[in-house]
Ligand code: RIB
């Protein structure tokens, strides 16, 4: 089985259910707050593990109870957690998330130990990068670390996948040349390219990124499906699965991991995205980041049922 490595963030999410997302200056009441393991990197790792991949995560946590909760969640999902670095005197990353009654969220991340993942940590783990086939990044760890590690991965002929979230104010242009597949959502695509009206200018925006050397651009469009522009496969849209949305948290993370797993099996991009779409469709029907991610068996049952119902 091909090996997938995720280099990225691990957070604990403080999830608050709200009737509506508060506007500037507004105070609103919520009933409770739940603590759920999250972080874009950790969510991707959790999804890959639950879906049966050979998956390792390289990242940093503190020496606190949040780290213990995260390690337990990932271990239970069969993720190799032995490369997670524990810092003695720092706090594990935290995210404060509001989820409104439509399932839409707002996320504020307090980077904590995610901000400590350094080039030196990458140098200490070059053999790990070399031992993997696919390396996945997101942008909740220092950007210079991402660029440095992606360059090493590319130089060693690994497939590099980037989930460009959150999009930084100044995106490191150098990164594009090391990336094979990028998976922005509409907002991220607009921020990356400066194209304001993505609905009317999707292809223009995608071409801007393709022209920077990225082979495959996968744009998730929520209820409108997924738009793919691929060097090998051309451009096409895969429609969304119709589901009742409860909470979209981690849907993008699970999508990226699921797509990577199918590509690791040597299957084509269309097959990979159809599978990823099914995984994301299940994730959005449940609350919480890692709690919402399904096991492989459930995804296969979902796909079979969908096929039976035409
Ligand atoms: O993508 C969802 C994740 O973003 C949350 O789990 C939160 O921790 C932030 O990293």
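Numbering (the numbering used here), first residue to last: 1354 to 1663. Cβ atoms here follow ideal geometry from the backbone N, Cα and C, with glycine treated the same way. Source: prediction; values computed, not measured.
If the five residues before and after residue 1483 are omitted, its C-beta is found closer than 6 angstroms to the C-beta atoms of 1509, all from its own chain and listed in chain order. Secondary structure in the region 1474–1542: the alpha helix (DSSP H) runs of 4 residues or longer, each lying completely within the stretch, are 1479–1484 and 1496–1508 in chain order. Secondary structure note for residue 1612: its alpha helix (DSSP H) is the uninterrupted segment 1604–1617.
Minimum Cα-Cα distance from residue 1416 among the listed residues 1401, 1467, 1485 and 1382 corresponds to 1467. A Cβ-Cβ contact shorter than 8 angstroms links residue 1528 with residue 1503.
A distance below 8 angstroms separates the beta carbons of residue 1450 and residue 1458. If you look at residue 1639, you'll find it isn't in any alpha helix (DSSP H); DSSP assigns it neither H nor E.
When C-beta atoms of the region 1648–1657 are compared with those of the region 1542–1553, fewer than three pairs fall below 8 angstroms, so the two segments do not count as touching. Judged by pairs of C-beta atoms under 8 angstroms, the region 1393–1411 touches the region 1610–1621, as three or more such pairs exist. Counting only runs of 3+ residues, the beta strand (DSSP E) found wholly inside the region 1366–1427 occupies 1386–1391 and 1407–1414, in chain order.
Secondary structure of residue 1655 (DSSP, three-state): helix. Residue 1384 sits exposed, since fewer than 16 C-beta atoms from the chains shown fall within 10 Å of its C-beta. For residue 1573, there is no enclosing alpha helix (DSSP H); the enclosing beta strand (DSSP E) has its first and last residue at 1569–1573.
Nearest in C-alpha terms to residue 1455, of all of 1562, 1532 and 1373, is 1373.
Taken through DSSP and simplified to helix, strand or coil, residue 1621 comes out as coil. 8 angstroms or more divides the Cβ of residue 1463 from the Cβ of residue 1644. Inclusion of residue 1602 in the 7 angstroms shell around the ligand RIB follows from its C-beta lying nearer than that to a non-hydrogen atom of the ligand. Residue pairing by DSSP puts residue 1358 in a beta bridge opposite 1409 and 1488.
Residue state for residue 1632 is assigned as helix, using DSSP reduced to three classes.
Rounded to whole angstroms, the gap between the alpha carbons of residue 1532 and residue 1490 is 10 angstroms. The ligand RIB approaches residue 1642 closely enough that one of its heavy atoms is under 7 angstroms from the residue's Cβ.
With respect to the C-alpha of residue 1436, the residue from 1429, 1408 and 1496 having the closest C-alpha is 1408. For residue 1363, the three-state secondary structure derived from DSSP is coil. For residue 1446, the enclosing beta strand (DSSP E) has its first and last residue at 1446–1452. At least one heavy atom of the ligand RIB falls within 7 angstroms of the beta-carbon of residue 1462. With contacts defined by Cβ atoms closer than 8 angstroms, residue 1545 and residue 1519 do not form a contacting pair.
With respect to residue 1434, residue 1424 sits close: the two C-beta atoms are nearer than 8 angstroms.
The residues 1482, 1488 and 1513, in chain order, have a CB closer than 6 angstroms to that of residue 1506 in the same chain once the five nearest residues on each side in sequence are set aside. Only buried fits residue 1494, as 16 or more other CB atoms lie within 10 angstroms of its CB. CA-to-CA, the gap between residue 1589 and residue 1641 works out to about 31 angstroms. For residue 1439, the beta-bridge partners assigned by DSSP are 1414.
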